[in-house]
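Novice: This is the structure, below, for whatever I ask next.
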């Protein structure tokens, strides 16, 4: 059985449910409106977390955290942002916090081949760089598709498959090739920077 | 003013802007913002993913939602309502009642035909904004088409972060001039604002315009 009470038409806008949930009216009605709102985005939050983690249990943990924060914040939500993009932002931040560092500079295979107990080479190499410089160099040196792939992979920390899907890439290697190209340009820029110093 | 990259919380609002609005154009051309828009759309679409075991997840999450809902104790009054609680003190209450009565009498004297028009109004009716004009002195001139059933209009202006920067009084007509001095002094001289008109009938919002854009100078 769904947690949703089904008393709300799907066409009732999120903002109307939010208004009722935050109103001074009947507590039961407010609770029902808030429940409907949370249920509407249950799948979206969970699937998003699953795409990040690739693991059902971790995705469930993360999505429960996100949905719990909705209950905490629903009354103080100021309504300046749309509920959907606010919730997207909460989910995205929670997943980014829970995700591991993804290198701007080292190719995926190099990171995967690192010994288990040694500090990850990507962390060491990236920490030596100024992140502002890296981001500026991405903007200055990379083609738009490379910038987008780097952004999704290294900043948003999405998996390669998800980056491939979002970018609509259809070649066999997906985003991997685009990322490899981008990282090669970044490393070349880093070399030039070192020589100039 | 430079068009800045959008914040994740603002994505839905940016996607509702008119096609040529500078912020929407930026969101569609900047690689970083395009990525955010694509990932937001992916979030909202919520397409099933292989291996996600969605049915099992729904069962667990529904149980959690029911438990959270049962625990949730909504405040008796919403957080932002505290300022108006003071209105219930005797003097402000008396003043407010007198103002409402006076406004009601005036309204009935001036616009006796409005009540019948309101009855035929459908909330889904729309009205349109004319392009905003900005005068050399920086004042902003706004016009919009009348909305059947509306007896007043309210205009709201939003800053680059979509925070409200101006709200007009309720207006009987379909135009408004806003002095630059009416906007917060912290805003830069040139910036992109968004505006919306709310059509009112007896104080209730019956329709909202699509957003329009304004570039100030």
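Protein chains in written order, with my numbering: chain A, -18 to 178; chain B, 370 to 586.
The C-beta atom is built at its ideal place from N, Cα and C for all residues, glycine as well.
1) Do three or more CB pairs link the segment -12 to 6 of chain A to the segment 380 to 397 of chain B at distances below 8 Å?
2) Can you name, in chain order, every residue of its own chain whose Cβ lies under 6 Å from the Cβ of residue 29 (chain A), other than the five neighbours on each side?
3) Identify each residue in the segment 132 to 144 of chain A for which the Cβ-Cβ distance to at least one residue of chain B is less than 7 Å, and report them in chain order.
4) Going by the beta-carbon positions, is the gap between residue 469 (chain B) and residue 585 (chain B) smaller than 8 Å?
5) Closer than 7 Å by beta-carbon distance: list the chain A residues that pair up with residue 378 (chain B), in chain order.
6) Is the separation between the beta-carbon of residue 441 (chain B) and that of residue 23 (chain A) shorter than 8 Å?
7) Residues of the segment 495 to 508 of chain B in Cβ contact with chain A at a cutoff of 8 Å, in chain order, please.
8) Provide the residue(s) that pair with residue 564 (chain B) in DSSP beta bridges, ordered along the chain.
9) Which residues does DSSP pair with residue 545 (chain B) in a beta bridge?
10) Looking at the structure shown, is residue 69 (chain A) part of a helix, part of a strand, or coil, going by DSSP?
11) DSSP state of residue 575 (chain B), grouped into three classes?
12) Using the rule of at least 16 other Cβ atoms within 10 Å of the residue's Cβ for burial, across every protein chain shown, is residue 118 (chain A) buried or exposed?
13) Helix or strand or just coil, what does DSSP make of residue 535 (chain B)?
14) Taking only beta carbons into account, state which residues of the segment 3 to 18 of chain A come closer than 8 Å to chain E, listed in chain order.
15) With distances taken between CB atoms, is the gap from residue 178 (chain A) to residue 88 (chain A) smaller than 8 Å?
16) Would residue 575 (chain B) be called buried (16 or more neighbouring beta carbons within 10 Å of its own) or exposed?
17) Which residues in chain B sit within 9 Å of residue 147 (chain A), going by Cβ to Cβ distance?
18) Note the first and the last residue of the continuous alpha helix (DSSP H) segment covering residue 58 (chain A).
19) So which residues on chain B does residue 24 (chain A) lean against when the C-beta distance must stay under 9 Å?
20) I need the boundaries of the alpha helix (DSSP H) containing residue -4 (chain A), first residue and last residue.
21) In this structure, what does DSSP give as the bridge partners for residue 41 (chain A)?
22) Going straight from the alpha carbon of residue 164 (chain A) to that of residue 373 (chain B), what length do you get?
23) Out of curiosity, what's the CA-to-CA distance linking residue 412 (chain B) and residue 176 (chain A)?
24) If you reduce the DSSP assignment to three classes, tell me which class residue 408 (chain B) lands in.
25) Rounded to whole angstroms, what is the Cα-Cα separation between residue 556 (chain B) and residue 378 (chain B)?
26) Relative to the C-alpha of residue 115 (chain A), which candidate in A:84, A:138, A:140 and A:141 has its C-alpha closest?
27) Are any of the Cβ atoms in chain A nearer than 8 Å to that of residue 438 (chain B)?
28) Could you spell out where the alpha helix (DSSP H) holding residue 33 (chain A) opens and where it closes?
29) With a threshold of 8 Å between beta-carbons, can residue 27 (chain A) be considered close to chain B, or not?
30) Quick test of your reading: residue 26 (chain A) and residue 44 (chain A), contact by CB under 8 Å. State the CB separation rounded to the nearest angstrom.
31) To which residues does DSSP link residue 570 (chain B) through a beta bridge?
32) Taking the beta carbon of residue 201 (chain A) as the centre, do at least 16 other beta carbons fall within 10 Å, making it buried, or is it exposed?
Specialist: Short version:
1) no
2) 72
3) 132, 133 and 137
4) no
5) 62, 66, 67 and 70
6) no
7) none
8) B:526 and B:581
9) B:511
10) helix
11) strand
12) buried
13) strand
14) Given the protein chain composition of this structure (A and B), no chain E is represented.
15) no
16) buried
17) 404, 407, 408, 410 and 411
18) Segment: none, residue 58 (chain A) is in no alpha helix (DSSP H) and carries neither H nor E.
19) 415, 417, 423, 426, 427 and 430
20) -5 to 2
21) According to DSSP, which records beta bridges pairwise, residue 41 (chain A) is partnered with nothing at all.
22) 26 Å
23) 43 Å
24) helix
25) 21 Å
26) A:84
27) yes
28) 23 to 34
29) yes
30) 5 Å
31) B:573
32) Coverage of chain A is limited to positions -18 through 178, which leaves residue 201 (chain A) absent and any answer about it impossible.
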